[in-house]
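**Q** Below you will find the structure I want to go over with you.
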Amino acid sequence: MNITPSSSDCLDVADLLVDYAEHSLPPEQTARMAAHVANCPRCQERVAQLQELGANLKQPSP
Amino acid sequence: MAAVQADDLDQVVPLFERYQGPLFNFLYRLTSDYETSQDLTQTVFERLLKYRASYRPGQPFRAWAYQLARNVHTDHWQRNQKMRTTDVVEVERKGALGGAAFRHTAAVDREQDLHEAMALLPPAQHEILVLHRFQGFSYEEIADMLGCTAGAAKVKAHRALQALRTIYFN
Ligand SMILES: [Zn+2]
């Protein structure tokens, strides 16, 4: 049974979230992040939002 | 890039001309206003001439020009703040974000929403995102401009993106 991580766990991984969303972490940290995100709906949503934002920010200027 | 002689107009002017377009784009990203961006780009040029003695040979010209542009934008932003009575809280309360959260359908709307969300960031966070995401500056180059380490620049850029995420999606 999975237990949803506490928000202090989210705080611990907060600074790595952008790199994780953009797949730019080394394997060891990626694994650690994946383990947290897999059980954390809040961080799953954050990662999805960061990826959407990252894609939108790449669009050329009007 | 060849070092510019600090007080050599013959070198400063062509260099400015080369960066005029990117500097305008940078300022346009920050202000979302065409005429303002033209005015501010002109101000950057004037300051470039005025302060060209402060340019250290060997320093990348681009970083120096952007440093001036950032200062020009900060001055403009502060002038605007004084004239404006609305603050971020008030803007949000009035729903001036244009209902960003409710219309993520058309690409044009999305672009517009993103602009509006970015404009709500504190200027330092706005700048770092524009420099990194739109102008293609590396963390090392941004670190030079901000006078911090590349690691610190990266943390700042990430926090700015997180702040933008909160504004854009909430
Ligand atoms: Zn979490």
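Chains as they are written, first to last, in this note's numbering: chain A, 1 to 62; chain B, 1001 to 1170. All C-beta atoms, glycine included, are put in the ideal place defined by N, C-alpha and C.
1) Taking 9 Å as the threshold (beta carbon to beta carbon), is F1137/B in contact with chain A?
2) Is M1118/B near V1130/B, with beta carbons less than 9 Å apart?
3) Spatial neighbours of L1040/B within its chain, please: CB distance less than 8 Å, with the 5 preceding and 5 following residues excluded, ordered by chain position.
4) Is Q29/A close to chain B, meaning its C-beta is less than 9 Å from at least one C-beta of that chain?
5) I'd like the list of long-range same chain contacts for Y1168/B, defined as Cβ closer than 6 Å, with 5 residues on each side in sequence excluded.
6) Contact defined as beta carbons within less than 8 Å: I believe L1049/B pairs with V1108/B. What is the distance between those atoms, to the nearest angstrom?
7) Rounded to whole angstroms, what's the CA-CA distance from H1104/B to R1110/B? Just pull it up for me.
8) In whole angstroms, what is the alpha-carbon distance linking A1153/B and Y1019/B?
9) So, D17/A versus H1115/B, is the Cβ gap smaller than 9 Å?
10) Can you give the beta carbon distance from A1163/B to Q1125/B, rounded, assuming they're within the 8 Å contact cut?
11) Report yes if the C-beta of R107/A is less than 8 Å from at least one heavy atom of ligand 1; otherwise report no.
12) Which residues mark the beginning and the end of the alpha helix (DSSP H) in which P1057/B is found?
13) Is it the case that the CB of P5/A approaches a heavy atom of ligand 1 more closely than 8 Å?
14) With H, G and I counted as helix, E and B as strand and the rest as coil, what does DSSP make of Q1011/B?
15) Cβ of C10/A versus every heavy atom of ligand 1: is any distance shorter than 8 Å?
16) Is any beta-carbon of chain B found at less than 9 Å from that of D12/A?
17) If you check the beta carbons only, do C40/A and D9/A fall under 9 Å apart?
18) Name the two residues that bound the continuous alpha helix (DSSP H) containing K1156/B.
19) Where do the ends of the alpha helix (DSSP H) carrying K1050/B lie?
20) So which of F1061/B, Y1051/B, E1035/B has the shortest CA-CA distance to F1016/B?
21) As a quick exercise: from C43/A, H23/A, M33/A, Q29/A, pick the residue whose alpha carbon is nearest that of P54/A.
22) Is H36/A near ligand 1 - that is, is its Cβ less than 8 Å away from at least one heavy atom of it?
23) So is the beta-carbon of V18/A under 8 Å away from any non-hydrogen atom of ligand 1?
**A** Based on what the coordinates show:
1) F1137/B does not count as touching chain A.
2) With respect to V1130/B, M1118/B sits close: the two C-beta atoms are nearer than 9 Å.
3) Contacts found: L1027, T1031, A1069, V1072, H1073, H1076.
4) False, the Cβ-Cβ gap to chain B never drops below 9 Å.
5) Excluding sequence neighbours, Y1168/B sits near A1117.
6) Contact between L1049/B and V1108/B is absent: CB atoms are separated by about 39 Å, not below the 8 Å threshold.
7) A caution first: H1104/B carries a pLDDT of 45, below 50, which makes its placement in the model too unreliable to give a value.
8) One alpha carbon belongs to A1153/B, the other to Y1019/B, and they sit about 23 Å apart.
9) Reading off the sequence shown, one finds Leu at residue 17/A, where the question assumed Asp. No, these two residues do not count as a Cβ contact at 9 Å.
10) That pair is a contact at about 6 Å.
11) Only positions 1 to 62 of chain A appear in this structure, which leaves residue 107/A out of reach.
12) For P1057/B, there is no enclosing alpha helix (DSSP H), as DSSP gives it neither H nor E.
13) At least one heavy atom of ligand 1 is nearer than 8 Å to the Cβ of P5/A, so yes.
14) Looking at Q1011/B - three-state DSSP - the assignment turns out to be helix.
15) It does: the Cβ of C10/A is within 8 Å (strictly closer) of some heavy atom of ligand 1.
16) With 9 Å as the cut-off, D12/A does not count as an interface residue toward chain B.
17) Yes, the pair counts as a contact, with Cβ atoms nearer than the cut-off.
18) Boundaries of the alpha helix (DSSP H) around K1156/B: 1150-1169.
19) Counting along the chain, the alpha helix (DSSP H) containing K1050/B begins and ends at 1034-1050.
20) Residue F1061/B is the option with its Cα nearest to F1016/B.
21) Inspection of the sequence shows that residue 54/A is occupied by Gly rather than by Pro. Cα-wise, what sits closest to G54/A is H23/A.
22) Proximity of the beta carbon of H36/A to ligand 1 is indicated: a heavy atom of the ligand is located closer than 8 Å.
23) In this structure, V18/A has its CB at a distance of at least 8 Å from all heavy atoms of ligand 1.
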